[in-house]
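Visitor: Chains as they are written, first to last, in our numbering: chain A, 97 to 385; chain B, 3 to 302.
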């Protein structure tokens with residue numbers, strides 16, 4: 097195939113532009129890491145942060161790990177994410193599976209009632225009062241139970257189950273397998289990609305979850321990382337001059353950015369692993385604004 | 003006999019459904035029952051049912067409140083700005099990714115561009131602080147380096163909404179491009195071959211084949227986003243805003259939160275929430291109808 101000059105120029109411009117896009121997406125994250133490693137001397141010497149710090153120090157991380165505040169919040173987030181995602185997936189699977197059986201009487205009414213909740217909700221105040229009246233405040237359940245099933249994810253899972261060949265299930269049933277066994281030994285092994293993808297969505301949702309925890313949890317020992325992180329950053333925003341703790345070894349910003357980086361690490365670790373499971377059907381989720 | 007047989011046959015499936023049904027009744031339909039508060043002079047001691055009826059008084063108070071016009075305008079303006087400014091970059095990114103020949107490079111760019119989608123707004127608040135704070139923010143360091151005065155991007159009425167829109171684009175442009183890429187992948191390659199034979203260049207091919215090819219996707223996204231126009235980005239705005247910029251960034255959701263949860267004015271806050279839910283529901287129904295009519299695919 098002959099590639100014209102214009103075509104070659106176009107390809108180079110295109111590649112250059114897309115490299116720029118990738119840099120714009122990644123640079124802010126890398127800059128956070130760079131700030132989190134910057135010692136105070138650099139600020140004195142240059143009057144500000146450098147993109148590539150001439151000196152680096154792990155002092156901020158040492159300091160964060162030496163007080164209980166961040167490690168405790170980190171563990172709270174780990175517990176909420178692990179328990180929450182497990183409950184999310186279990187409930188989504190056992191609800192989506194019966195709803196995917198076309199011959200189940202009542203299936204269309206139930207599906208309609210479920211879909212309706214995507215379009216109309218009681219809103220913030222009634223939900224808040226419900227959680228309060230159930231006595232869930234100041235427990236992890238307050239941030240796990242109200243969102244136990246995301247309706248959109250439920251419909252994705254149901255659609256996936258419906259796309260599996262029913263003959264496989266029939267064969268297992270004729271062999272005397274119970275419905276439960278068909279689900280666990282025929283359907284679920286075929287559903288790994290969708291489970292991985294929805295698990296990532298649920299998991300990231302819990303890890304990044306902020307609002308419910310801020311509303312429902314006031315006991316500081318139970319607060320998850322995002323809420324603690326915001327409190328730390330709020331102080332930073334209010335007091336943009338050099339903060340008192342900077343008088344020691346590092347700028348206050350360094351400590352703050354190190355906290356953001358710590359919150360980022362689990363997301364970065366999980367990301368490439370599940371990214372390969374993304375499927376076209378599931379990614380339709382990006383429609384929801 | 004038929005019913006008995008059915009029940010036995012389907013009993014395990016119905017049993018599986020029980021936790022899900024309990025969940026939906028309690029946590030999804032339960033709050034809908036709580037909407038009655040909007041019509042009650044609610045007090046905590048008498049509860050939802052025991053509190054005296056108030057008719058439409060809370061709605062009258064809401065619509066007469068001078069802040070109401072402001073929060074409604076802010077909600078719609080911010081939402082539309084995000085839609086109008088956010089869609090073209092996602093479409094352009096998809097078109098450019100689609101032109102790439104090397105799969106590995108495409109995968110790298112895509113992986114990088116999705117990443118911000120998985121960051122929380124609190125983390126992005128930290129990133130914005132690193133770039134925009136008047137004291138040490140990178141962009142203000144540059145401005146000062148060129149002899150300018152530091153700009154308080156997060157506390158300035160003129161800058162705050164652009165910060166909201168741009169940070170949202172940064173977060174979601176790569177993720178948004180996925181849909182259009184899927185649409186582009188569905189275009190028949192023979193169309194491009196025929197166009198090349200006819201001497202059509204890249205621009206012509208993009209204009210006459212690629213864009214028309216993904217027009218149904220564009221329409222669908224546009225219509226469905228119109229249906230959620232009252233969702234202007236609650237969490238983002240709540241985390242980023244401050245009293246200096248309430249005038250331009252206070253939306254229905256943030257107003258409901260401050261009045262309801264913080265000041266415990268439950269009935270009027272519930273009334274505002276119900277107003278939003280009802281209008282939102284109508285918009286979703288209308289937009290879905292439009293989607294069906296013009297693109298032959300809708301939410302349901």
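For every residue, glycine included, the Cβ atom is placed at its ideal position computed from N, Cα and C. Small disclaimer: the values here were computed from a predicted structure and weren't measured.
(1) For residue 276/A, go through chain B and note every residue whose CB falls closer than 7 Å to its CB, in chain order.
(2) Cβ of residue 272/B less than 8 Å from any chain A Cβ?
(3) Identify the continuous alpha helix (DSSP H) that holds residue 214/A and give its terminal residues.
(4) Should residue 129/B be flagged as near chain A, meaning a C-beta pair shorter than 8 Å?
(5) I want to see whether chain A comes within less than 8 Å of residue 167/B, judged by CB atoms only; does it?
(6) Using DSSP bridges, identify the partner residues of residue 55/B.
(7) Where does residue 20/B sit, in a helix, a strand or coil, going by DSSP?
(8) What ranges does the alpha helix (DSSP H) occupy inside the stretch 227–311 of chain A, keeping only unbroken runs of at least 4 residues that lie completely in it?
(9) Does the separation of the CB atoms of residue 42/B and residue 55/B fall below 8 Å?
(10) Which stretch, first to last residue, makes up the alpha helix (DSSP H) that contains residue 173/B?
(11) Tell me whether residue 356/B sits in a helix, a strand or coil according to DSSP, three-state version.
(12) Round the Cβ separation of residue 188/A and residue 265/A to the nearest angstrom and send it over; I've been treating them as touching at under 8 Å.
(13) Between residue 305/A and residue 112/B, what straight-line distance do the alpha-carbon atoms span, to the nearest angstrom?
(14) So for residue 47/B, helix, strand or coil by DSSP?
(15) When you compare the CB positions of residue 128/A and residue 152/A, do they come within less than 8 Å of one another, or not?
(16) Are residue 102/B and residue 108/B close, meaning C-beta to C-beta below 8 Å?
(17) Assuming residue 296/A and residue 258/B make a contact with CB atoms under 8 Å, what is their CB distance in whole Å?
(18) Shorter than 7 Å, the distance from the beta carbon of residue 290/B to the closest heavy atom of the ligand GDP, or not?
(19) Could you check whether residue 276/B and residue 40/B sit closer than 8 Å to each other, using their CB atoms as the reference points?
(20) Please list, in chain order, the residues of the stretch 178–195 of chain A that have any C-beta partner in chain B closer than 7 Å.
(21) Give the secondary structure of residue 184/A by DSSP, where H, G and I count as helix, E and B as strand, and everything else as coil.
(22) For residue 224/A and residue 36/B, I'd like the C-alpha separation in whole angstroms.
(23) So what's residue 348/A in DSSP terms, helix, strand or just coil?
(24) Select from 222/A, 199/A, 300/A, 263/A the residue whose C-alpha is nearest the C-alpha of residue 125/B.
(25) Mapping DSSP to helix, strand and coil, what is residue 115/B?
(26) Less than 8 Å between the beta carbons of residue 169/A and residue 279/A, yes or no?
(27) Considering Cα atoms alone, identify which of 166/B, 92/B, 294/B is closest to residue 237/B.
(28) How is residue 379/B classed by DSSP in three states: helix, strand or coil?
(29) Here's the rule I'm using: 16 or more other beta-carbon atoms within 10 Å means buried, otherwise exposed. How should residue 121/B be labelled?
(30) Between the C-alpha atoms of residue 298/A and residue 202/B, what's the straight-line distance to the nearest angstrom?
(31) Looking only at its chain, what residues have a beta carbon closer than 7 Å to the beta carbon of residue 271/B, apart from the 5 residues adjacent to it on each side?
(32) Tell me where the alpha helix (DSSP H) around residue 254/B begins and ends.
(33) With H, G and I counted as helix, E and B as strand and the rest as coil, what does DSSP make of residue 265/B?
(34) Does the pairing of the stretch 236–253 of chain B with the stretch 68–88 of chain B give three or more beta-carbon distances under 8 Å?
(35) Counting only the same chain and skipping the five closest in sequence on each side, list residues whose C-beta sits under 8 Å from that of residue 159/B.
(36) Check whether the Cβ atoms of residue 88/B and residue 229/B lie closer than 8 Å to each other.
Guide: The structure says:
(1) Under the 7 Å cutoff, chain B gives 14.
(2) yes
(3) 203–215
(4) yes
(5) no
(6) Bridge partners of residue 55/B: 42/B.
(7) Correct three-state label for residue 20/B: helix.
(8) 237–240, 247–259, 262–270, 275–278, 288–304
(9) yes
(10) Secondary structure note for residue 173/B: its alpha helix (DSSP H) is the uninterrupted segment 159–187.
(11) For residue 356/B there is no data in the structure shown, the boundaries of chain B being 3 and 302.
(12) With a contact defined as Cβ atoms closer than 8 Å, residue 188/A and residue 265/A miss out at about 19 Å.
(13) 25 Å
(14) Coil at residue 47/B, not helix or strand.
(15) For residue 128/A and residue 152/A, no; Cβs fall outside 8 Å.
(16) yes
(17) Their Cβ separation, rounded to whole angstroms, is 31 Å, which puts residue 296/A and residue 258/B out of contact at 8 Å.
(18) What this structure holds is no ligand at all, so the ligand GDP is not there to describe.
(19) Yes, these two residues count as a Cβ contact at 8 Å.
(20) 187, 190, 191, 193, 194
(21) helix
(22) 10 Å
(23) helix
(24) 300/A
(25) helix
(26) no
(27) 166/B
(28) A query on residue 379/B cannot be resolved here, the shown segment of chain B reaching from 3 to 302 and no further.
(29) By the neighbour-count criterion, in which a residue is buried when 16 or more other Cβ atoms sit within 10 angstroms of its Cβ, residue 121/B is buried.
(30) 46 Å
(31) 258, 261, 262
(32) Following the DSSP letters along the chain, one finds residue 254/B inside the alpha helix (DSSP H) bounded by residues 254–258.
(33) DSSP, read as helix, strand or coil, puts residue 265/B in coil.
(34) yes
(35) 246, 247, 249, 250
(36) no
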